[in-house]
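Report on one structure; see the data block that follows.
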Amino acid sequence: MKLRMVITGLIAMLIAATSQATTLKLSTDIDLLVLDGHKISGSLLRGAEGLELERGEHQLLFRVERTVSRNAQDTVNWISVPQIVTFTARTKSVIIQLPALQTLRDGKLFDKKPQITLVDEHGAEVSSKHDTLHPQAQGNLEQAMVQYNLEGHAASVQRFAQPLRRTSQAASVEPDITNHQHPAERMLRLWYLQVDSATRQRFVMLMNALHTS
């Protein structure tokens, strides 16, 4: 009975979070690096069509990776300068729209003057702030974003300057989630990284109860 109650509570919490979420749709050429101050592992996003974000302000750090034409006979793998985008999630979905990047010249122009638009499920533009991460700050991306947000740049968000610290309980639970590769467990891990601290604590309590059942 106790186990059934724990599972029911966990499912209810996940459904409640998802019903109020905004889906961030990611194309295959977008490599998400940091979300809301937290470094994102590429393996977690592999095969996922989008991320479920809670309503409110979010900050993305990502790169664009494409095979582009160097000349009429040759192609090259182009990787953009890391892009920072800050927006407020209020709609059902948000899509990142990029310009036509077909040649190496297009890529170089994009690095100098990025053209990025966010739109919702109806094609209406979503208000956003844009910036690029300084090349010298690309070592530790999570720390670089903390410093960026502390300095008050165009797309800074002060509350992401100090990423949420995991509680000792959360730290003990998280490895049990991250070590699995099942798609459902991967999405649970992504959800865990994105929710607020109060929701994390409720989740940890449920997981601890499950482990002791």
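When you line the sequence shown up against mature numbering (1 follows the signal peptide of the UniProt record, and there is no 0), it's residues -21 to -1, 1 to 192, in that order.
The beta-carbon is built from N, C-alpha and C at its ideal position, and this holds for glycine as well.
Check                                                                                                                                                                    : Outcome
To the nearest angstrom, report how far apart Thr2 and Gln94 are at their CA atoms.                                                                                      : 22 Å
Alpha carbon to alpha carbon, what distance is there between Ile58 and Phe89?                                                                                            : 11 Å
Count the C-beta pairs between the segment 103 to 111 and the segment 54 to 74 that are closer than 8 Å, then say yes if the count reaches three, no if not.             : yes
Excluding the five sequence neighbours on either side, which residues of its own chain have a C-beta within less than 7 Å of the C-beta of Val13, listed in chain order? : Ile19, Leu40, Leu120, Glu121 and Met124
Short of 6 Å in beta carbon distance, which residues of its chain neighbour His132, apart from the five on each side in sequence? Order them along the chain.            : Asp110
At what residues does the beta strand (DSSP E) containing Asp85 begin and finish?                                                                                        : Element bounds for Asp85: not the beta strand (DSSP E) but the alpha helix (DSSP H), Leu83 to Lys91.
Could you tell me whether the segment 29 to 40 touches the segment 94 to 103, where touching means 3 or more Cβ pairs closer than 8 Å?                                   : no
Nearest to Gln81 by CA position, among Asp53, Thr46 and Thr96, is which residue?                                                                                         : Thr46
According to DSSP, what are the bridge partners of Lys18?                                                                                                                : Val13
Identify the continuous alpha helix (DSSP H) that holds Asn128 and give its terminal residues.                                                                           : Leu120 to Leu129
Decide if Pro78 is buried, meaning its Cβ has at least 16 other Cβ atoms within 10 Å, or exposed.                                                                        : exposed
Is Glu44 buried or exposed, if buried means 16 or more other CB atoms sit within 10 Å of its CB?                                                                         : exposed
Classify Gln38 as helix, strand or coil using the three-state DSSP reduction.                                                                                            : strand
Can you give the Cα-Cα distance for Gly118 and Pro61, rounded to whole angstroms?                                                                                        : 12 Å
What is the DSSP secondary structure of Arg138, counted as helix, strand or coil?                                                                                        : helix
Does any heavy atom of the ligand ADP sit closer than 7 Å to the C-beta of Gln122?                                                                                       : The model on display carries no ligand, and the ligand ADP is accordingly not part of it.
So, helix, strand or coil for His109, using DSSP?                                                                                                                        : strand
From Thr96 to Arg138, what does the alpha carbon distance come to, in whole angstroms?                                                                                   : 24 Å
For Val136, which residues from the same chain have a beta carbon less than 7 Å from its beta carbon, with the 5 sequence-adjacent residues on both sides left out?      : Glu36, Gln38, Thr65 and Asn128
Among Lys71, Lys87 and Arg69, which one has its Cα closest to the Cα of Arg49?                                                                                           : Lys87
Shortest alpha-carbon distance to Thr7 belongs to which of Leu83, Asp15 and Arg42?                                                                                       : Arg42
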